[in-house]
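Asker: My questions all concern the structure below.
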Amino acid sequence: MTDKERGILADLRKKARAKTQKCYNPNCNNLAIRSHIQQAEGSIRDIASADGKIIQLEDLDPRFNDMPYAFKEKGIKQKGDVLTFWGFCNSCDTLLFKSIEAKEIDFSLYKNQLLYSYRGFLSELYKQEYNIKWYELIFKSNNLSNEVKESFSNLYNSFLIIIKMSKQTKFLFEQDLNGNTRNFDFIYLNLPKLEVCTSTSYTLPVSISFDADQWQAIKSKETIPLINTPIFINLIPKDNQLNTILGCISDKTLKGRIDVNKIERYNQKEQIKLISDILIKHVETWFVSKTLYNLWTQRKLEKEILKQIKKYRPAIMKRKNIKFNMFQDII
1178 MTDKERGILA DLRKKARAKT QKCYNPNCNN LAIRSHIQQA EGSIRDIASA
1228 DGKIIQLEDL DPRFNDMPYA FKEKGIKQKG DVLTFWGFCN SCDTLLFKSI
1278 EAKEIDFSLY KNQLLYSYRG FLSELYKQEY NIKWYELIFK SNNLSNEVKE
1328 SFSNLYNSFL IIIKMSKQTK FLFEQDLNGN TRNFDFIYLN LPKLEVCTST
1378 SYTLPVSISF DADQWQAIKS KETIPLINTP IFINLIPKDN QLNTILGCIS
1428 DKTLKGRIDV NKIERYNQKE QIKLISDILI KHVETWFVSK TLYNLWTQRK
1478 LEKEILKQIK KYRPAIMKRK NIKFNMFQDI I
């Protein structure tokens, strides 16, 4: 791949990310605004420095960089930064998330756990959808070689399947929000304050294969049945504690579920180690305070964290145990 082609790919990626989209409310046709995954003047402000800065894990395209991620300083008021995504229009966003934008929040309430996880899940769905938009721009480009275009073909197909399954998860969230169903299992952990923040989701890798006819059938469908459940993680630093919400779809026939009852029985040290493991192995949407990052730097841990993330990035490593703990001796 030439430097010119790398530049074209980077420009096309920015173009795909910059465009707004229709509000995620299925009954609304307004354009979405950029929304934070958590309350900008709440949990995010709570760990920001006096000048409104945090340190965010940022994904770098591995085609351009030796390391897939880096830590970058971001401003919480900076356009497009600090974990924002095109989610809902202004009126839908305000109405839907009112209870978790309040000054006092009951984190043990199922509805609030659902809302945090829904918004975090949608931020991941948005990333999957803009990747598809990016790949489609690549395929249409007259300035890229067929070899470069072909290198994105498998990724395109993978994200297409993920999005079709994700739409089924989105339906389950909206069914709960609009009715009396209970499609998810959550656990709330009240932990000592660690200055780390996220609302996101991930799935454990599974191996699936299709023949040509099955693939054509999949491509023609808007949604396809779930094979495994997304796992939801919300780390909400507020009131001198780390409010943690973990969950998954309650359907026990799905693969990749977490045992919320088992996690509840963990001691505090084990629960914090679990959070470290998840951030290293599974999620790329999180940030920390400058205070915590500076402590990592003093202990020469920031580069080790990035090395650990790279090490556990391959699917084959996702079920391996990790000895390293990014929060060791922090509390």
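Residues in the sequence shown are numbered consecutively from 1178, following the working numbering. Note that CB positions come from ideal geometry on N, CA and C, so glycine has one too. All of these numbers come straight from a predicted model, not from anything done at the bench.
Could you tell me which of Ala1247, Ala1492, Gly1219 and Gln1290 sits nearest to Lys1480, measuring between CA atoms?
Answerer: Nearest of Ala1247, Ala1492, Gly1219 and Gln1290 to Lys1480, Cα basis: Ala1247.
Asker: Spell out a yes or no on whether the region 1378-1390 and the region 1430-1449 are touching, meaning 3 or more CB-CB pairs, one atom from each, closer than 8 Å.
Answerer: As far as the Cβ criterion goes, the region 1378-1390 touches the region 1430-1449, which means the pair count is three or higher.
Asker: Output the residue ranges of the alpha helix (DSSP H) runs that lie fully inside the region 1391-1446 and measure 4 residues or longer, sorted by chain position.
Answerer: 1437-1442, all fully within the region 1391-1446.
Asker: In three-state terms, what does DSSP make of Arg1194?
Answerer: Note: Arg1194 maps to helix in three-state DSSP.
Asker: Would you call the region 1321-1332 and the region 1291-1305 touching, i.e. three or more CB-CB distances under 8 Å?
Answerer: No: fewer than three Cβ pairs fall under 8 Å.
Asker: Please state the DSSP three-state secondary structure of Gly1184.
Answerer: Helix.
Asker: In the DSSP assignment, find the unbroken alpha helix (DSSP H) run with Trp1473 in it and report its ends.
Answerer: Trp1473 -> alpha helix (DSSP H) spans Lys1467 to Gln1475.
Asker: Within the same chain, show all residues whose beta-carbon is closer than 6 Å to that of Leu1354, passing over the 5 residues directly before and after it, in chain order.
Answerer: Around Leu1354: no qualifying Cβ.
Asker: Check for me: the alpha helix (DSSP H) holding Cys1266 runs from which residue to which?
Answerer: Looking at the DSSP string, Cys1266 is not in any alpha helix (DSSP H), and its letter there is neither H nor E.
Asker: Could you tell me the alpha carbon to alpha carbon distance between Ser1466 and Leu1234, rounded to whole angstroms?
Answerer: Looking at the two C-alpha atoms, the distance is approximately 11 Å.
Asker: Anyone know if the C-beta pair for Gln1305 and Phe1336 falls short of 8 Å?
Answerer: Cβ distance < 8 Å, so Gln1305 and Phe1336 count as in contact.
Asker: Which partner residues does Asn1367 have in the DSSP bridge list?
Answerer: Paired residues: Asn1420.
Asker: Which residues bound the beta strand (DSSP E) around Ser1376?
Answerer: Note, Ser1376: beta strand (DSSP E), Val1373 to Tyr1379.
Asker: Does the region 1313-1320 touch the region 1369-1380, meaning 3 or more C-beta pairs lie closer than 8 Å?
Answerer: Result no; under three Cβ-Cβ pairs closer than 8 Å.
Asker: In angstroms with no decimal places, state the Cα-to-Cα distance between Lys1191 and Arg1490.
Answerer: Looking at the two C-alpha atoms, the distance is approximately 23 Å.
Asker: Using beta-carbon positions only, say whether Gly1515 and Tyr1201 come within less than 8 Å of one another.
Answerer: One cannot answer for residue 1515 here, as it falls past the ends of the chain, which runs 1178 to 1508.
Asker: Name the DSSP beta bridge partners of Phe1248, please?
Answerer: According to DSSP, Phe1248 bridges with Leu1234.
Asker: Report yes if the C-beta distance between Asn1405 and Ile1422 is below 8 Å; otherwise report no.
Answerer: The answer is no: Cβ separation not under 8 Å.
Asker: Taking one C-beta from the region 1261-1280 and one from the region 1202-1216 each time, how about it: are there three or more such pairs within less than 8 Å?
Answerer: Output reads yes: the region 1202-1216 touches the region 1261-1280.
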